[in-house]
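Novice: For the record, in the first sequence the residue sitting at position 67 is 66 according to numbering that gives the first Met the number 0, with numbers rising by one throughout.
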Amino acid sequence: MDTATFIRVLNILEKEFPKWNAPVVSLMAKREHRTPFQILISTIISLRTKDQVTAEASERLFKLADNPYDMLKLTEEQIAKAIYPAGFYRNKAKTIKKISEIIVKKNSGEVPDSLEELLKLPGVGRKTANLVLALSFDKPAVCVDIHVHRITNRLGFVKTKTPEETEKELMKKVPVEYWNRINDLLVAFGQTICKPLSPLCSKCPVEAYCEKVGVVRHR
DNA sequence: AAAACGGGGGC
DNA sequence: GCCCCAGTTTT
């Protein structure tokens, strides 16, 4: 698949997006109500966790503390209890506490707005850093999670082993003005149609363009 | 490169 | 009961 076709796919998916009723609660539907700190913390909570669970856990935590100063006053146990159903709660609580401390003590209460600085925070990798850049600061960023990695390979647009390779390829092949649309669209698409194991190809609006790399079963 | 971190939900 | 989920860090 070439770049022009990939962009055509994005355009089609964008039109179909409202029909999917994808469970994008915490990071997309409410982004305009959230501070950069809340986006960052929600993203930490979302690691390997379903979106609905992430949303509920975030709300519980933000009722206790929605800014780094208040968050720093909570104990790790309090944070862990609030986010418990999201899983990895001890690691995440520790990470959230450390991040709050760094933001308060070394960055005058502000979330960093550059990739380099975000990556220095504990528990923040490329996916989280790029998502914060895109959602909080409206900067162009290619945010590659498991959905983006799977779908771009399945379409035949990239041939990569790791999400990091996928990120590099997408930055190379896709014009910058499309970067911030990739993640939202492909995640929603992956949650509803282009599923990991048994994608619903008969309902897929872009099946005609797809090379179905690695797809063994479909419906 | 592989393990560890984890409860919840789908089937 | 078994497998997967908007990943990152450590071994």
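Don't be surprised by glycine CBs; every beta carbon is placed ideally from N, CA and C.
Here the structure is a predicted model, which means the values were calculated and not measured.
Could you please give the first and the last residue of the uninterrupted alpha helix (DSSP H) stretch that includes residue 69?
Specialist: For this step, residue 69 is matched to residue 70 along the first sequence. 67-72 is the span of the alpha helix (DSSP H), which, as asked, contains residue 69.
Novice: Around the Cβ of residue 189, are there at least 16 other Cβ atoms within 10 angstroms (buried) or fewer (exposed)?
Specialist: As a first step, residue 189 must be located in the first sequence, where it is residue number 190. Its Cβ being crowded by 16 or more others within 10 Å, residue 189 is buried.
Novice: Please check the pair residue 205 and residue 146, which I expect to be a contact at CB under 8 Å, by giving their CB distance rounded to whole angstroms.
Specialist: To locate residue 205, count along the first sequence from 1; it is residue 206. To locate residue 146, count along the first sequence from 1; it is residue 147. With a Cβ gap of about 15 Å, residue 205 and residue 146 do not count as contacting.
Novice: Counting beta carbon pairs with one atom in the region 96-104 and one in the region 62-70, are three or more of them shorter than 8 Å?
Specialist: yes
Novice: So the alpha helix (DSSP H) residue 170 belongs to, where does it begin and stop?
Specialist: Your numbering for residue 170 matches position 171 in the first sequence. Looking at the DSSP string, the run of the alpha helix (DSSP H) that includes residue 170 is 162-172.
Novice: Taking the alpha-carbon of residue 122 as reference, which of 138, 39, 55, 113 has the nearest alpha-carbon?
Specialist: Taking the first sequence and counting its residues from 1, one reaches residue 122 at position 123. Per the Cα distances, 39.
Novice: Please state the DSSP three-state secondary structure of residue 210.
Specialist: Position 211 of the first sequence holds residue 210. DSSP places residue 210 in coil when its eight states are reduced to three.
Novice: Below 8 Å, how does it come out for the region 130-143 and the region 164-182: are there three or more Cβ pairs, yes or no?
Specialist: With three or more CB-CB distances shorter than 8 Å, the region 130-143 counts as touching the region 164-182.
Novice: Could you check how far apart the C-beta atoms of residue 4 and residue 173 are, in whole angstroms? I think they sit under 8 Å.
Specialist: One-based indexing of the first sequence puts residue 4 at position 5. One-based indexing of the first sequence puts residue 173 at position 174. Not really, about 12 Å apart at Cβ, beyond 8 Å.
Novice: Which full runs of the alpha helix (DSSP H) of 4+ residues lie inside the region 127-206, going along the chain?
Specialist: 145-154, 162-172, 178-191
Novice: Can you name, in chain order, every residue of its own chain whose Cβ lies under 8 Å from the Cβ of residue 13, other than the five neighbours on each side?
Specialist: To locate residue 13, count along the first sequence from 1; it is residue 14. Hits under 8 Å: 180, 184.
Novice: Quick one: Cα of residue 25 to Cα of residue 41, how far?
Specialist: Indexing the first sequence from 1 puts residue 25 at position 26. Indexing the first sequence from 1 puts residue 41 at position 42. For residue 25, the predicted model reports a pLDDT of 48, less than 50, meaning its position is unreliable; a value from the coordinates is still stated below. Distance between the alpha carbons of residue 25 and residue 41 is about 7 Å.
Novice: Determine, using beta carbons only, whether residue 153 and residue 211 come nearer to each other than 9 Å.
Specialist: The residue you call residue 153 lines up with position 154 of the first sequence. The residue you call residue 211 lines up with position 212 of the first sequence. Yes, Cβ-Cβ distance for residue 153 and residue 211 is below 9 Å.
Novice: Would you mind giving the Cβ-Cβ distance between residue 35 and residue 157, rounded to the nearest angstrom? I have them listed as a contact below 8 Å.
Specialist: Along the first sequence, one-based indexing puts residue 35 at 36. Along the first sequence, one-based indexing puts residue 157 at 158. Not really, about 30 Å apart at Cβ, beyond 8 Å.
Novice: Hey, quick one: how far does the alpha helix (DSSP H) through residue 42 stretch, first residue to last?
Specialist: As a working mapping, residue 42 is identified with position 43 in the first sequence. Here the alpha helix (DSSP H) through residue 42 covers 35-44.
Novice: In chain order, what residues of the same chain have a beta carbon less than 6 Å from the beta carbon of residue 170, not counting five sequence neighbours either side?
Specialist: Residue numbering aside, residue 170 sits at position 171 when the first sequence is read from its first letter. Cβ neighbours of residue 170 beyond the five flanking positions: 141.
Novice: Determine, using beta carbons only, whether residue 191 and residue 21 come nearer to each other than 9 Å.
Specialist: As a working note, residue 191 is residue 192 in the first sequence. As a working note, residue 21 is residue 22 in the first sequence. Yes, they are a contact pair.
Novice: DSSP three-state label for residue 64, please.
Specialist: Position 65 of the first sequence, counting from 1, holds the residue named residue 64. If DSSP states are grouped into helix, strand and coil, residue 64 belongs with coil.
Novice: Taking only the alpha-carbon atoms, compute the straight-line gap between residue 91 and residue 78 and give it to the nearest angstrom.
Specialist: Numbered from its first residue, the first sequence carries residue 91 at position 92. Numbered from its first residue, the first sequence carries residue 78 at position 79. Using only the alpha carbons, I get a separation of about 9 Å.
Novice: If I follow the unbroken alpha helix (DSSP H) through residue 5, where does it start and stop?
Specialist: Within the first sequence, numbered from 1, the residue matching residue 5 stands at position 6. Element bounds for residue 5: 2-19.
Novice: Please report the residue range of the alpha helix (DSSP H) in which residue 118 lies.
Specialist: The count along the first sequence starts at 1 and reaches residue 118 at position 119. Residues 114-119.
Novice: Run through DSSP, which three-state label would residue 107 get?
Specialist: Residue numbering aside, residue 107 sits at position 108 when the first sequence is read from its first letter. Correct three-state label for residue 107: coil.
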